[in-house]
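Asks:
Residue numbers (the working numbering): 1 to 131.
And the structure:
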């Protein structure tokens, strides 16, 4: 497999960039989550209007979801609390997966959609010729 093929394969993989659909910064206190425009974290339209709430308190966070999610391969979790630096912290619901990341002392939810329509389209990348 040449570099071009491996680049496309990576971009479309589970850790690639093409499944990224959101980055949502968490504020201290309550952060509402859902597809409704009145939420603090406005997730894609595939989510319920009011999907849940994330309550950030110092170095911990509590999630309360309106529908069960999977957390670190444990199914049917609708409420849980954990430390923000606890790893792994993978959540999933339907074709979506999210996790908490830290940058410069701030925390965010990084959201992926493994059924993102762009993953099904041909990917034509431009490369410079090698001489």
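Glycine is no exception: its CB is placed at the ideal position from the N, C-alpha and C atoms.
May I have a chain-ordered list of the beta strand (DSSP E) segments no shorter than 3 residues that lie completely inside the segment 4–30?
Replies: 20–25
Asks: Pull the bridge partners of residue 102 from the DSSP assignment, please.
Replies: On the chain shown, position 102 is the one that residue 102 refers to. Per DSSP, 107.
Asks: According to DSSP, is residue 62 part of a helix, a strand, or is it coil?
Replies: What you label residue 62 is simply residue 62 of the chain shown in a count that begins at 1. Looking at residue 62 - three-state DSSP - the assignment turns out to be strand.
Asks: Specify whether the segment 22–36 and the segment 52–66 touch according to this definition: at least 3 beta carbon pairs, one from each stretch, less than 8 Å apart.
Replies: yes
Asks: Check whether the segment 111–118 touches the segment 8–19, counting contact only when three or more Cβ pairs, one atom from each stretch, lie closer than 8 Å.
Replies: yes
Asks: Could you check whether residue 125 and residue 8 sit closer than 8 Å to each other, using their CB atoms as the reference points?
Replies: Walking along the chain shown from the start, residue 8 turns up at place 8. Walking along the chain shown from the start, residue 125 turns up at place 125. The answer is yes: Cβ separation under 8 Å.
Asks: Do you know offhand how far residue 4's Cα is from residue 79's?
Replies: The count along the chain shown starts at 1 and reaches residue 4 at position 4. The count along the chain shown starts at 1 and reaches residue 79 at position 79. So the alpha carbons of these two residues sit roughly 43 Å apart.
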